[in-house]
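K.L.:
Heads up: the sequence shown runs through residues 1 to 178, numbered per the working numbering.
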Amino acid sequence: MDMHDIRPGVNAPVLTLAQASDADIPLIMEIERSPGYPALVGSYYADEHYRRMAAPTCTYLLARSNGEPVGFAVIRRDDDGMGTAQLHRIAVSPPGQGHGAAFLREICRWVFEEHDIDRLWLDLLASNTRAAHLYQALGFVEEGILRASLRTAEGRHDLVLMSLLREDWRFRKVKLRP
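(1) For a minimum of 4 consecutive residues, which ranges assigned as the alpha helix (DSSP H) are wholly contained in the region 58-143?
(2) For Ser-65 versus His-99, is the C-beta distance shorter than 8 Å?
(3) Tell me, to the nearest whole angstrom, how far the beta carbon of Ala-63 is from that of Leu-15; I am working on the premise that it is less than 8 Å.
(4) Rounded to the nearest angstrom, how far is the Cβ of Ile-25 from that of Leu-61, given a contact under 8 Å?
(5) Anyone know if the C-beta pair for Leu-104 and Leu-125 falls short of 8 Å?
(6) Within the same chain, show all residues whose beta-carbon is closer than 7 Å to that of Asp-79, passing over the 5 residues directly before and after it, in chain order.
(7) Are the region 38-58 and the region 135-148 in contact at 8 Å, needing three or more beta carbon pairs?
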């Protein structure tokens with residue numbers, strides 16, 4: 001299988017997406033505070049989630065597998081009319097069951113098929129190689145390094161900037177259809 005293959009495996013989980021509501025914030029906070037996630041994706045207090053969820057350019061999505069919540073994502077659309085959105089945060093729980101790849105495929109479908117978005121971008125810690133491999137496998141391209149752009153209690157960290165264009169996503173989707 002090609003490293004850039006976006007086809008789900010035979011046993012890949014089937015996920016459904018839904019827009020999250022205020023009632024989902026405790027679940028979102030629980031997922032983002034799962035072991036290992038705070039250092040990778042960050043976490044907010046409830047009031048910050050409420051504020052962001054209310055913003056017209058921000059969408060919180062929930063992923064469900066067999067009706068059970070398995071992850072959330074935060075998409076921020078730029079309001080400059082340029083058709084760009086940021087995958088601000090994504091987390092699944094429990095990790096390692098294929099939900100991350102399935103969720104990311106659904107996010108790309110949602111962004112590019114249901115919205116007037118031409119470019120989806122994200123940044124991630126340079127040390128988060130597991131996520132970088134997943135993004136690359138789904139067609140995201142590394143655009144550069146944001147040197148020492150994140151400050152934590154442990155010091156400054158580089159972020160990797162990646163993006164996926166609608167045109168590239170459509171091409172891969174057609175080319176790799178089973």
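Even for Gly, the Cβ is constructed at its ideal location relative to N, Cα and C. Keep in mind it's a predicted model, so treat the numbers as computed, not measured.
P.N.:
This is what the structure gives:
(1) 99-114, 129-137
(2) yes
(3) 5 Å
(4) With a Cβ gap of about 13 Å, Ile-25 and Leu-61 do not count as contacting.
(5) no
(6) Thr-57
(7) no
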